[in-house]
Amino acid sequence: MIASSTMAGRRSRQIGCCMIFHRAVASVDWAAMPNRGFYLDLAYLERLVRYVRACGWDIVSLDEALRRLTEPGHGRFVNISLDDCYRDTAELVVPLFQRLDAPITLFVTTDIPDERLRLRNAGLETILRHADVVHDDDRRLDLNTSKQKRAAYADISSRWESSGSDESYLRLCKQVGQDPDRLDDMHRITWTMLERLRGLPGVEIGAHTISHRRISSLDADDARAEIGGSRVRLEQRLGIPVRHFAFPYGQSADCGQRDFAMVRDAGYATGSTTRKALIRPGANPYALPRHTINGTHRHPAFAQAHLSGLSALATSVLRRG
Ligand SMILES: [Zn+2]
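For the sequence shown, the working numbering gives the first residue as 4, with consecutive numbering after it.
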């Protein structure tokens, strides 16, 4: 009895839950995506929004979440945000949220619309979707099934991640006859698209650095330039106040106390991580936890695990173990 009343008390103090995802795709295309955990099936995304509301949680902007953090008593809230921003943000995600009358927060990496970031993982997916075979350096990878395409994506992208260079990607593009600039165009969001999204009801635009660097790995000057510079760029290009920031990667090793203070000092109202936890009144607004929604978890039970705090609890137990 004591334990359950303690649990109930703890739950009643947990008033918010932030969720984050990256990309969405039409349901009919979802199963064939070589990196489908990164994409939410649009039909699932709609079910998720409806489910959260049916459970009695309000879907709110980060501005409203911040108000509820400082003035408790306005009900439980969920904020849904999306990081990086690709073409599908403008073409699929925002139209869905507009139709459902649900707010969404978009964290833009400004080098994407500025056409300074090679979108090699997105390009790799397009190549793998359409090819029957590729050669990655000396290895032949057959791509006859969705499973083979997923395995090839995981294998190649992790090798590129460790090399950190675009060289192998550019070689692969040449091998399969794809123009890397055209692949970037297929995937990137443009300033024209962002201009159309700015000012739509419920659409909140925040910053996600200039070039998607891991903030904790940067010296103070570079970290400040990424954090503050992305805000300046968005405000200058879109003419709107940019009040919210999200850390790339966002785990404990990717951002810490120095970085939370920098976000505050750069003039933002909030900073978001990807650490899993529910939000209680008085939480540090510069280190807000967010639950990453995995595209392969296509059942509301997974959303329930986030809303109940179960997934955060499981993560912290696993980390301790
Ligand atoms: Zn990101």
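Every residue gets a Cβ at the ideal spot worked out from N, C-alpha and C, and that includes glycine.
Here valine 235 carries a helix assignment [DSSP, helix/strand/coil].
Here the C-alpha atom of tyrosine 47 lies approximately 21 Å from the C-alpha atom of glutamate 128. Pairing isoleucine 243 with valine 266 gives a Cβ-Cβ distance that is not under 9 Å. By the neighbour-count criterion, in which 16 or more other beta carbons inside 10 Å mark a residue as buried, threonine 148 falls on the exposed side.
Apart from the 5 residues on each side of it in sequence, threonine 92 sits with its Cβ closer than 7 Å to the Cβ of Leu85, Leu109, Ile192 in its chain, given in chain order.
9 Å or more divides the Cβ of valine 245 from the Cβ of isoleucine 107.
By the CB criterion at 9 Å, aspartate 61 and valine 31 fall outside the cutoff. Short note on histidine 190: C-beta not closer than 8 Å to any heavy atom of ligand 1.
Per DSSP, valine 266 is not a residue of any beta strand (DSSP E); the alpha helix (DSSP H) it occupies stretches across 260 to 268. Within the DSSP secondary-structure output, arginine 142 pairs in a beta bridge with Asp139. Ranking Ala155, Lys279, Thr273, Thr299 by CA distance to the CA of arginine 70 puts Thr273 first. For the region 18 to 54, the continuous alpha helix (DSSP H) assignments of 4+ residues that do not extend past its boundaries occur at 30 to 33, in sequence order. Aspartate 187 and glycine 76 have their C-alpha atoms roughly 46 Å apart.
The beta carbon of glycine 78 sits closer than 7 Å to the beta carbons of Asp61 from its chain, once the five residues preceding and following it are set aside; these are given in chain order.
Setting aside the 5 residues that flank it on each side, valine 63 is surrounded in the same chain by Arg71, Phe80, Val81, Asn82, Pro106, each with a C-beta closer than 8 Å to its C-beta; the list follows chain order. The beta carbon of aspartate 169 lies closer than 7 Å to those of Arg121, Arg123 in the same chain, with the five residues before and after it left out. The secondary-structure analysis by DSSP pairs phenylalanine 248 across a beta bridge with Ala210, Gly274. For isoleucine 83, the enclosing beta strand (DSSP E) has its first and last residue at 80 to 87. Minimum Cα-Cα distance from leucine 281 among the listed residues Thr295, Ala269, Asp268, Glu118 corresponds to Thr295. As far as DSSP is concerned, phenylalanine 305 takes part in no beta bridge. Burial state of lysine 279 is buried, judged by a 10 Å Cβ sphere holding 16 or more other Cβ atoms.
Chain-ordered, the residues whose CB falls short of 6 Å from any heavy atom of ligand 1 come out as Asp86, Asp87, His211, His215, Pro251. In the structure shown, valine 111 adopts extended strand secondary structure according to DSSP, grouped into three states. Under the three-state reduction of DSSP, threonine 129 is assigned to helix. The region 16 to 25 makes contact with the region 285 to 299, as at least three CB pairs between them are under 8 Å. Per DSSP, the beta bridge partners of isoleucine 282 are Gly19. Restricting attention to Arg143, Arg90, Arg153, Ala134, the CA atom closest to the CA of glutamate 118 is found in Arg90. Membership of threonine 195 in the alpha helix (DSSP H) is indicated by the continuous run 194 to 200. Methionine 189 is classed as exposed because its beta carbon has fewer than 16 other beta carbons within 10 Å across all chains shown.
When DSSP states are grouped into helix, strand and coil, isoleucine 62 belongs to the strand group. Excluding its 5 nearest sequence neighbours in each direction, cysteine 258 has C-beta neighbours in its own chain below 7 Å: Ile218, Ser219, Phe250, Thr276, listed in chain order. Comparing alpha carbon positions, the residue from Asp262, Ala256, Leu197 closest to phenylalanine 248 is Asp262. Straight-line measurement puts the Cα of arginine 234 at about 24 Å from the Cα of threonine 73. The residue among Ser319, Gly167, Met36 with its C-alpha nearest the C-alpha of arginine 153 is Met36.
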